[in-house]
Structure formats: C-alpha cells, structure tokens
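Residue numbers (our numbering): 39 to 255. Glycine included, every Cβ here is placed at the ideal spot set by N, Cα and C. The structure presented is a predicted model; accordingly, all values stated were derived computationally and were not measured. Since the structure comes first, as structure tokens, the remarks are kept for the end.
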Amino acid sequence: MEAINKREQANDSTYSLTPNDKTHPDNDGHLVMAYLFLKAQGLAGKIADISIYGPDRRVLKAENCNVTQVSATTNGISFNYLAKSLPYPLDTVPRSWPCISIAYPESVEQRKPNVRFGKITILKNQYGFVESSCIMEPGDSGGPLFDLYGRVIGIHSGIQAPEDVNYEVPVDTYRKYWSALNKAENYKAMPVDTDLVTEDTGAGQITETAVGVQKQC
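Written out as structure tokens, the structure reads:
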C-alpha cells in the first residue's frame with residue numbers, strides 16, 4: 039500500500055490510502071488491502087462463480103459462495119450473494135458525502151427538531167466513530183444521521199471542543215449488536231454474540247430522479 043501511495047503522490051501530493059492518521063486505511067484503502075490479501079492467497083483471478091437459469095430461476099452453479107432469494111422481473115434477475123472467500127463489507131457511505139442530522143437539543147424548548155446539513159468527514163476514526171460536520175449540541179445524543187437516500191447511517195454520540203468534530207456511532211454497529219442490545223444486561227466488554235451484518239436489503243428500492251433521490255414504497 040505504501041508503494042501505491044508513493045506512485046500516486048507523484049501526480050497528486052494529497053493522495054493517500056491512509057489519510058486520517060497515516061496508519062489506518064480509509065474505505066478505499068480497505069478495498070486495496072482486501073485485494074492484496076486475496077492476491078496473496080492466489081484468489082486474485084476468481085472469487086466466486088455463479089450460474090442461474092433464467093426461466094425457472096434455478097441456481098446451476100454457486101462456487102465458493104451462497105446464493106439466495108433469487109427473483110426475476112421483466113428487467114432481469116436479482117439475488118443475494120455471500121462470498122466464502124474473504125468477508126469484506128464495502129462501505130456505502132464515501133467521505134465527503136452529504137448527510138442530514140435531526141435532533142432535539144435539551145438546551146432549547148421547541149416543538150420541532152433541529153435539522154442540520156453537513157458531510158461525512160471521516161468514515162471511521164481511531165475510536166470507531168463516523169465523523170460528520172453536522173454540528174451537535176448537548177442533548178442531541180441518540181438522534182439519527184441520514185444520508186440523502188433517507189437511510190439512517192449513524193446515531194449521534196458526542197462532540198469535541200471544536201464544533202465541527204462530531205462523533206456518530208455507525209448504524210452497522212447497532213445492527214451487529216442488536217440482539218445483545220435487546221437484553222437487560224450491563225455489559226462490561228463488547229458482547230461476544232453478534233448478529234450477521236449483510237447488505238442493505240432496501241438498496242434496490244432506491245432510484246435516482248432528476249431532482250434527487252426517492253425510495254419506492
């Protein structure tokens with residue numbers, strides 16, 4: 039990865055696969071790292087092989103993967119795919135993507151929530167938080183952070199002294215520990231039992247329009 043950084047920095051001095059603290063990869067860096075791991079295992083040529091017979095939606099081949107929920111429409115065939123090689127959930131929220139914050143700060147008595155517009159500044163910092171530029175106030179904790187598709191991508195957690203440093207717990211953390219969070223237990227360490235975090239099942243219901251995005255209901 040360092041070799042890639044040096045090569046690209048010859049053309050762009052700001053380029054880095056580890057931009058946050060010069061040690062931990064960002065989203066692009068994790069993708070490159072996963073590729074390097076697969077290449078070292080001799081799996082660079084083919085991760086999985088899938089064959090589906092269209093007329094009756096039969097899965098004819100599913101090498102090194104699991105294929106489920108096969109369905110067909112006039113536009114084509116869709117299915118869920120889970121590779122057995124190297125689990126790698128590619129984050130769907132890139133840096134600098136716009137986001138919307140909603141919260142009821144305790145310092146202000148009001149009937150309507152504060153809605154703030156900002157962007158993702160860091161996908162995952164050294165504490166595991168998403169950082170955004172949506173300013174938070176005391177009492178905002180627990181409020182949702184949305185992307186422009188209307189999906190909850192984080193939950194307000196805390197702030198730093200600079201008002202533009204705001205910590206959001208990634209929504210996938212809640213998904214991962216959802217069963218544990220539903221138990222009345224005082225955890226002194228991260229729960230051992232976790233839930234499987236898969237792809238966004240509603241992603242296929244989102245379509246882009248001339249004025250933005252909308253979710254089909």
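>> I'd like to know whether the C-beta atoms of Gly196 and Ser171 end up nearer to each other than 8 Å.
In response: As a working note, residue 196 is residue 158 in the sequence shown. As a working note, residue 171 is residue 133 in the sequence shown. The Cβ-Cβ distance between Gly196 and Ser171 does not fall below 8 Å.
> Is the CB-CB distance between Phe117 and Ile140 below 8 Å?
Replying inline: Along the sequence shown, read from residue 1 onward, the residue named residue 117 stands at position 79. Along the sequence shown, read from residue 1 onward, the residue named residue 140 stands at position 102. The Cβ-Cβ distance between Phe117 and Ile140 does not fall below 8 Å.
>> Distance check for Asn102 and Asp94, CA to CA, integer angstroms please.
In response: Looking up residue 94 in the sequence shown gives position 56. Looking up residue 102 in the sequence shown gives position 64. Straight-line Cα distance between these residues: approximately 22 Å.
>> To test your reading of the DSSP string, which unbroken alpha helix (DSSP H) runs of 4 or more residues are found completely within the stretch 132 to 166?
In response: If we require 4 residues or more, the stretch 132 to 166 turns out to have no alpha helix (DSSP H) run fully inside it.
>> On the criterion of 16 or more Cβ atoms from any shown chain inside 10 Å, does Ile191 qualify as buried, or is it exposed?
In response: Mapped onto the sequence shown, residue 191 falls at position 153. With 16 or more Cβ atoms within 10 Å of its Cβ, Ile191 is classed as buried.
> Which residues in the same chain have their Cβ closer than 8 Å to the Cβ of Leu98, if we skip the five residues on either side of it in sequence?
Replying inline: Position 60 of the sequence shown, counted from the start, is the residue given in the question as residue 98. Correct list, in chain order: Ser89, Ile90, Tyr91.
>> Rounding to the nearest angstrom, what Cα-Cα distance links Ser54 and Ile160 in this structure?
In response: In the sequence shown, residue 54 corresponds to position 16, counting from 1. In the sequence shown, residue 160 corresponds to position 122, counting from 1. Each residue's alpha carbon lies about 14 Å from the other.
> Start and end of the beta strand (DSSP E) containing Arg189?
Replying inline: Looking up residue 189 in the sequence shown gives position 151. Following the DSSP letters along the chain, one finds Arg189 in no beta strand (DSSP E), marked with neither H nor E.
> What does a CB cutoff of less than 7 Å around Pro127 pick up in its chain, not counting 5 residues either side in sequence?
Replying inline: The residue given as residue 127 occupies position 89 in the sequence shown. Confidence at Pro127 is low in this model, with a pLDDT of 49, below 50, so the placement of that residue is unreliable and no value is reported for it.
> What three-state label does DSSP hand Arg45 in the structure shown?
Replying inline: For the purposes of this step, residue 45 is taken as residue 7 along the sequence shown, with counting starting at 1. Residue state, collapsed to three classes: helix.
>> Would you say Gln164 lies against chain B (beta-carbon separation less than 8 Å)?
In response: Here there is only one protein chain, and chain B is not present.
> Are the beta-carbon atoms of Asp185 and Trp216 separated by less than 8 Å?
Replying inline: Indexing the sequence shown from 1 puts residue 185 at position 147. Indexing the sequence shown from 1 puts residue 216 at position 178. No, they are not a contact pair.
> Taking Cβ positions, are Ile193 and Leu183 nearer each other than 8 Å?
Replying inline: Stepping through the sequence shown from its first residue, residue 193 is reached at position 155. Stepping through the sequence shown from its first residue, residue 183 is reached at position 145. Going by C-beta atoms, Ile193 is nearer than 8 Å to Leu183.
> The beta strand (DSSP E) spanning Tyr205 covers which residue range?
Replying inline: In the sequence shown, the residue the question calls residue 205 occupies position 167. Per DSSP, Tyr205 belongs to the beta strand (DSSP E) from 204 to 208.
> Thinking just about the alpha-carbon of each residue, which of Ala41, Val105, Asn220, Val108 is nearest to the one in Leu74?
Replying inline: On the sequence shown, residue 74 is found 36 positions in, with the first residue counted as 1. Nearest C-alpha to Leu74: Ala41.
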